[in-house]
Amino acid sequence: KPNQSSLMSFFGKK
Amino acid sequence: MLEARLPAASILKKIVESIKDLVSQANFDCSESGISFQAMDESNIALSSFLLRADGFDPYRCDRKLSLGIRFATLSKILKCAGNDDVVVIRYADDTDILSLVFEAPDNNRISEFDIKLLDISSEYLSIPEQEPECKVKMSSAEFSRICRDLITIGSSVVIDATKSGVKFSSTGDDGSGSILIKQSASVDGDGKAAPQTTVEMSEPVSLELSLKYLNNFTKAAPLSEYVVMNMTNDSPLMLQFDVSDIGYIRYFLAPQIKD
Numbered sequence: 001k002p003n004q005s006s007l008m009s010f011f012g013k014k
Numbered sequence: 015m016l017e018a019r020l021p022a023a024s025i026l027k028k029i030v031e032s033i034k035d036l037v038s039q040a041n042f043d044c045s046e047s048g049i050s051f052q053a054m055d056e057s058n059i060a061l062s063s064f065l066l067r068a069d070g071f072d073p074y075r076c077d078r079k080l081s082l083g084i085r086f087a088t089l090s091k092i093l094k095c096a097g098n099d100d101v102v103v104i105r106y107a108d109d110t111d112i113l114s115l116v117f118e119a120p121d122n123n124r125i126s127e128f129d130i131k132l133l134d135i136s137s138e139y140l141s142i143p144e145q146e147p148e149c150k151v152k153m154s155s156a157e158f159s160r161i162c163r164d165l166i167t168i169g170s171s172v173v174i175d176a177t178k179s180g181v182k183f184s185s186t187g188d189d190g191s192g193s194i195l196i197k198q199s200a201s202v203d204g205d206g207k208a209a210p211q212t213t214v215e216m217s218e219p220v221s222l223e224l225s226l227k228y229l230n231n232f233t234k235a236a237p238l239s240e241y242v243v244m245n246m247t248n249d250s251p252l253m254l255q256f257d258v259s260d261i262g263y264i265r266y267f268l269a270p271q272i273k274d
């Protein structure tokens, strides 16, 4: 089964 | 201070209904240019955001940047007290912890006023890279809602495959599988009015696997707009946009499911 990724691994904090 | 008069309460009601199950509380950021919002869900999988431009209000006054912390369950309950056609006036006086909402009935014989206690919320903003998506799909929001609703009866995730000919939504579960193909179309209905159509613009075919639970949550914004736009890039979050008439938009970002 694929793993759910987190948005934090794509978007940086401002 | 803030004073913003929105011609129809239905817009605000629909916006709050389409966010309240994803985010429990967040700041409304108000500035001269309008009211915006950005917040992730607790598990950092989905981000919801909206923008309502100042020119969508009449009048709109905001003389300095404000962050107004709102609990959505409270706002949702209060907005249920407004008629769809009521005018809504949103008011905030500087250095208070109260947001006032005034609902004016169309015949002007009923004016209700509610005050909400504001929260002090420290929010974390994400910088979303501005890149051209590899694929951009525009389709009927009602059709998109129906697909998400149908496929969650089969499985917990959907694979969206976009090619030049159309978009295929597939789901597999323990008891079987299903798929729905939406072809690129430009149709005209019986009245000669352009019917909702599906368009696909792409530089690359894209395949993304996404949680149907979240997508079904996002479809609560479908009553706001006839169309949904999906921006997709391989191995990147999906961006869904529902326009809020011509005054703004709601956007959702959803992190993909990735094979090891």
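Top to bottom, those sequences are chains A and B.
Residue numbering for the first sequence follows the numbering used here, beginning at 1 and increasing consecutively.
Residue numbering for the second sequence follows the numbering used here, beginning at 15 and increasing consecutively.
Ideal Cβ positions, reconstructed from N, Cα and C, are used throughout, including at glycine.
The structure displayed is predicted, hence computed values, not measured ones.
Subject >> Delimiting residues of the beta strand (DSSP E) encompassing Val278 of chain B >> reply: Residue 278 of chain B falls outside the range modelled here, since chain B spans only 15 to 274, and no answer is possible.
Subject >> Partners in chain A for Ala236 of chain B, counting only beta-carbon separations shorter than 8 Å >> reply: Within chain A, no residue comes near Ala236 of chain B; the closest Cβ sits about 22 Å away, beyond 8 Å.
**OP:** Confirm, please, whether the CB-CB distance from Ser193 of chain B to Ala179 of chain B is below 8 Å.
**Re:** Residue 179 of chain B is actually Ser in this sequence, not Ala. No, they are not a contact pair.
Original post:
Taking Asp121 of chain B as the reference, which of B:Leu140, B:Val37, B:Val101, B:Tyr139 has the closest Cα?
Top reply: B:Val101
Original post:
Is there at least one Cβ from chain D nearer than 8 Å to Leu140 of chain B's Cβ?
Top reply: Absent from the structure is chain D; the protein chains it does hold are A and B.
**OP:** Spell out a yes or no on whether the segment 51–60 of chain B and the segment 90–105 of chain B are touching, meaning 3 or more CB-CB pairs, one atom from each, closer than 8 Å.
**Re:** no
Original post:
What does Pro219 of chain B touch in chain A if you count any residue whose Cβ is under 8 Å from its own?
Top reply: What Pro219 of chain B touches in chain A: nothing, since even the nearest Cβ is about 18 Å away.
Subject >> For Leu165 of chain B, three-class secondary structure by DSSP >> reply: helix
Original post:
Are the C-beta atoms of Ala269 of chain B and some chain A residue less than 8 Å apart?
Top reply: yes
Subject >> Start and end residues, alpha helix (DSSP H) containing Ala23 of chain B >> reply: 23–31
Original post:
Exposed or buried, what is Gln145 of chain B when buried is set at 16 or more other beta-carbons lying within 10 Å of its beta-carbon?
Top reply: exposed
**OP:** Would you decide whether Gly190 of chain B is buried or exposed? Buried here means 16 or more other CB atoms lie within 10 Å of its CB.
**Re:** exposed
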